[in-house]
Each structure stands twice: as structure tokens, then as C-alpha cells.
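Since the structure comes first, as C-alpha cells, the remarks are kept for the end.
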Amino acid sequence: MRIVFAGTPDFAAIALKALLAAKYNVVGVYSQPDRPAGRGRKLLPGPVKQAALDAGIAVFQPDNFKMEDARQQLADLQPDVIIVAAYGLILPASVLSIPVHGCLNIHASLLPRWRGAAPIQRAIAAGDPESGITIMQMDEGLDTGAMLLKVSTPIHPEDTGGSLHDRLAELGGKAIVSALQLLEQNTLKPQAQQNVQACYAHKLAKQEGQIDWHSDAQSIERLIRAFNPWPGTFTDLGDQRIRLHLAQVQKHKQEQNGQKASPGTVLARQREGIDIACGEGVLRVSQVQLPGARAQSVNDLINGGKQILLPGQELQ
1 MRIVFAGTPD FAAIALKALL AAKYNVVGVY SQPDRPAGRG RKLLPGPVKQ AALDAGIAVF
61 QPDNFKMEDA RQQLADLQPD VIIVAAYGLI LPASVLSIPV HGCLNIHASL LPRWRGAAPI
121 QRAIAAGDPE SGITIMQMDE GLDTGAMLLK VSTPIHPEDT GGSLHDRLAE LGGKAIVSAL
181 QLLEQNTLKP QAQQNVQACY AHKLAKQEGQ IDWHSDAQSI ERLIRAFNPW PGTFTDLGDQ
241 RIRLHLAQVQ KHKQEQNGQK ASPGTVLARQ REGIDIACGE GVLRVSQVQL PGARAQSVND
301 LINGGKQILL PGQELQ
């Protein structure tokens, strides 16, 4: 079976390596054009491109598939199937129809829930009990194609966007290998998505990371985990922007001096963390990042003598 792989970031690179480890014949790899990275803003290959180069596989990086030359170059590879994972470019119908078995997408959610660009973070922020991988037959819609294989994993109370990403990336590699084995046996059973059950995981925006202390403590805690490591969450204390990396919901009352504290008020500061009143409940933030500094525990913050995030101060 001749396979063309299309993907760009780490999530996709793990799937490509799984295909290669399973001895599948990957005849070409497509990845987005190199982007400037680092302080020097040098053009650096993405993880998928680097994995392909390490394996001696030809890499193609068109800006899009609007030109006939780009589509013909792909057709010349004579793919039986194209595997797509976090590629980042739209594949038009003229590309989807090139391979014999069409294009299979590795999507990081249990479709039809969380179609779209940021399913991992949206699932954590929403409090979903589980996530997973769906191998999907691509069509012209946004993650609307028939489902071919699904694998689930629980979302643990301590999961961050980063930890769930890594677990789903490994699951995605295993799932696509399983799907190809079923394809070779002609035993894949497409299942149409129920559109009434669909919801969309819109692309993350940095401004979404600003904490609204009028929200309940549980929702804020989930947002902090979901947006860790990117785009991150933050709050403002005067003109200082403070990033929040780790927090836990507390059971005690949101009171200060016997009165209910307004949302965003620092209630207490101890080595275990900083207690902050929310719209409902109390959140204990245990790891913070001050402007121009690295992330640190509240214990280290106190040891450093920083007079910040003190009881009575109000965050916005």
C-alpha cells in the first residue's frame, strides 16, 4: 500500500513514526512551509518534516493546492491512501479524490463532539469525562466525514492540555495503524456522524486566557489546566500581568473578615498556595509566573520575599 502522509506538528510526527515502525510504505510526506522560530527567527523544519528527512522520505511543502502543479505532484506519487494529522492546510475535493481509498484523518476527539481546531483544550475546559481519537474518512466539510475507528481515554483530574495532547498523540499513532490493518482486510465499517450531537472546538485565542474571577472556581481551574502550556492563563494585579500555571479548587468559604469577598480578592497566602475568591467557591493557585520571571511555586515566591499577591489585593 502506497501511503502519503500530511501533517506538521509533534502530534502528527508521532503518527508518522508509528506508521514507519509498522513498516508501512510512506512514499511522500506533506508538511506546511517552514516558519521562522526562536530568537534568531531562522527557518526551521517542523517535527513532521524532520521525522521524514530522518527516514529518508521525500518532503513536499506547497503553500496550498490551488495550483494544478501541486495537485499533479501529489497524484504522481500514486497514493492508495493519504493520512492527514494536524496538517493545517485545506484539502479541496480535487485532492481528496486522488488516492484510491481517499484521505483518512486522525482527529483528537470523539467525533462528532469537538470538531475543529482545538478539541483537546476545549474538552478539558468543558469538564468532559473522556476524550479520544477518531479516524475519519475526510470529506469537504470541517471534520464531518464518516467515522472509521474510535479509541477513548479518560480525562484525569490532573490532566493539562499538554498531558492530554501527548497521550492522544500516542493513541493516534496506534489507531491509524489499526485502521490501516482493517482497511487492508476490507473490514472498516464507516459510521455517519450525527450532526445534532456535534459541537465545535474553535481555534484558541490568547485573550481567552484572561481569568474572569466572576466564573466559578471549578471552571477557572479547568481553564488553567486546559490552556497549559498554550496559550496560558493570566490575571492582572494593577499594571502587572501574572500567569497562572497550577491551581486547585478549595472547599472553604470565600470570606474575608467574616464578609463574602468580591471575585478576584486574595483571601490568604500560604506556602501551599494563594487562595482567591471566585464568583462561586475559592481557587488556590499554587504555581505562578511574575512578569520577566520563570514559573515558580508559591512556596518559592514566599521564600524569595516577594510582597505580591497579598491578602486583600484584588485581581482583574
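Counting in the UniProt record's numbering, the sequence shown runs from 1 upward without gaps.
Glycine included, C-beta positions come from ideal geometry on N, C-alpha and C.
The structure presented is a predicted model; accordingly, all values stated were derived computationally and were not measured.
Do I242 and Q296 come within 8 Å of each other at the CB atom, strictly closer than that value? Along the sequence shown, read from residue 1 onward, the residue named residue 296 stands at position 296. Along the sequence shown, read from residue 1 onward, the residue named residue 242 stands at position 242. Cβ distance not < 8 Å, so Q296 and I242 don't count as in contact.
In whole angstroms, what is the alpha-carbon distance linking P190 and L148? Reading the sequence shown from its first residue, position 190 is the one you call residue 190. Reading the sequence shown from its first residue, position 148 is the one you call residue 148. P190 and L148: Cα-Cα distance of roughly 5 Å.
Would you kindly work out how many angstroms separate the C-alpha atoms of R222 and L111, rounded to a whole number? Here residue 222 is taken as the residue at index 222 of the sequence shown, counted from 1. Here residue 111 is taken as the residue at index 111 of the sequence shown, counted from 1. C-alpha separation (whole angstroms): 21 Å.
Go ahead and label residue 358 buried or exposed: buried means 16 or more other beta carbons lie within 10 angstroms of its beta carbon, across all protein chains shown. As displayed, the chain neither begins before 1 nor continues past 316, which places residue 358 out of reach and without an answer.
Do you know how far the Cα of F234 is from the Cα of E184? By one-based count along the sequence shown, residue 184 stands at place 184. By one-based count along the sequence shown, residue 234 stands at place 234. Going by the C-alpha atoms only, they are around 49 Å apart.
Let me confirm a value: G132 is counted as buried when at least 16 other C-beta atoms fall within 10 Å, else exposed. Which label applies? On the sequence shown, residue 132 is found 132 positions in, with the first residue counted as 1. Classification for G132: buried.
Compute the distance between the beta-carbons of Q218 and V249, then report whether it is under 8 Å. On the sequence shown, position 218 is the one that residue 218 refers to. On the sequence shown, position 249 is the one that residue 249 refers to. Cβ distance < 8 Å, so Q218 and V249 count as in contact.
Excluding five sequence neighbours on each side, which residues of the same chain lie with their C-beta closer than 7 Å to the C-beta of F227? Within the sequence shown, residue 227 is the residue found at index 227, counting from 1. Contacts found: Q121, G161, G209 and T233.
Pull up the CB-CB distance for G279 and S215, whole angstroms please, since I reckon it's below 8 Å. Numbered from 1 along the sequence shown, position 279 holds the residue referred to as residue 279. Numbered from 1 along the sequence shown, position 215 holds the residue referred to as residue 215. The Cβ separation is near 5 Å, so the contact holds.
Express the C-alpha separation of Q270 and P36 in angstroms, rounding to a whole number. Taking the first residue of the sequence shown as position 1, residue 36 is located at position 36. Taking the first residue of the sequence shown as position 1, residue 270 is located at position 270. The straight-line gap from Cα to Cα measures roughly 42 Å.
Pick from Q72, Q313 and G273: whose alpha carbon is nearest that of L301? Within the sequence shown, numbered from 1, the residue matching residue 301 stands at position 301. Considering only alpha carbons, the answer is G273.
Whose C-alpha, out of G38, I106, L91 and G56, is nearest the C-alpha of V29? Translated into positions along the sequence shown, residue 29 becomes position 29. Of the candidates G38, I106, L91 and G56, the one whose C-alpha sits nearest the C-alpha of V29 is G56.
Taking only runs that begin and end inside the UniProt domain "Formyl transferase C-terminal" (203-304), name each unbroken beta strand (DSSP E) of 3 or more residues, in chain order. 233-237, 240-250, 266-270, 273-277 and 282-289
Please work out which residues of its chain come closer than 6 Å, Cβ to Cβ, to V27, disregarding the five sequence neighbours upstream and downstream, and give them in chain order. Walking along the sequence shown from the start, residue 27 turns up at place 27. Listed in chain order, the non-local C-beta contacts of V27 below 6 Å within the same chain comprise R2 and L77, local neighbours out to five positions each way being set aside.
Taking the C-alpha atoms as reference points, what is the distance between G238 and A15? Here residue 238 is taken as the residue at index 238 of the sequence shown, counted from 1. Here residue 15 is taken as the residue at index 15 of the sequence shown, counted from 1. G238 and A15: Cα-Cα distance of roughly 45 Å.
Checking 8 Å against the spacing of the C-beta atoms, do P47 and P9 come in under that value? Counted from its first residue, the sequence shown places residue 47 at position 47. Counted from its first residue, the sequence shown places residue 9 at position 9. It is a contact, given that the beta carbons lie within the stated cut-off.
Does S152 come out as helix, strand or coil in the three-state DSSP assignment? Start at 1 with the first residue of the sequence shown, and residue 152 comes out as number 152. Looking at S152 - three-state DSSP - the assignment turns out to be strand.
What does the alpha-carbon distance come out to for the pair A123 and A198? For the purposes of this step, residue 123 is taken as the residue at position 123 of the sequence shown. For the purposes of this step, residue 198 is taken as the residue at position 198 of the sequence shown. Using only the alpha carbons, I get a separation of about 13 Å.
Determine whether the beta carbon atoms of I106 and A6 lie at a separation below 8 Å. Taking the sequence shown and counting its residues from 1, one reaches residue 106 at position 106. Taking the sequence shown and counting its residues from 1, one reaches residue 6 at position 6. No.
I'd like to check one pair, P119 with S52: are the Cβ atoms closer than 8 Å? Your numbering for residue 52 matches position 52 in the sequence shown. Your numbering for residue 119 matches position 119 in the sequence shown. First, the amino acid is wrong: residue 52 is Ala here, not Ser. Here A52 is not near P119, since their CB atoms are 8 Å or more apart.
Host beta strand (DSSP E) of A6 (start-end): As a working mapping, residue 6 is identified with position 6 in the sequence shown. Taken as a continuous stretch (DSSP letters only), the beta strand (DSSP E) holding A6 covers R2 to G7.
Could you check which residue in I220, D143, K17 and L89 has the C-alpha nearest to that of R115? On the sequence shown, position 115 is the one that residue 115 refers to. Among I220, D143, K17 and L89, the Cα nearest to that of R115 is on D143.
Between which two residues does the alpha helix (DSSP H) carrying Q72 extend? Taking the sequence shown and counting its residues from 1, the one referred to as residue 72 is at position 72. Element bounds for Q72: E68 to A75.
Taking all protein chains shown into account, decide if A69 is buried (16 or more other Cβ within 10 angstroms of its Cβ) or exposed. The count along the sequence shown starts at 1 and reaches residue 69 at position 69. Note that residue 69 corresponds to Asp in the displayed sequence, not to Ala. Under this definition D69 is an exposed residue.
Taking the beta strand (DSSP E) that K42 falls in, what are its first and last residues? Stepping through the sequence shown from its first residue, residue 42 is reached at position 42. Run containing K42: K42 to L44, per the beta strand (DSSP E) assignment.
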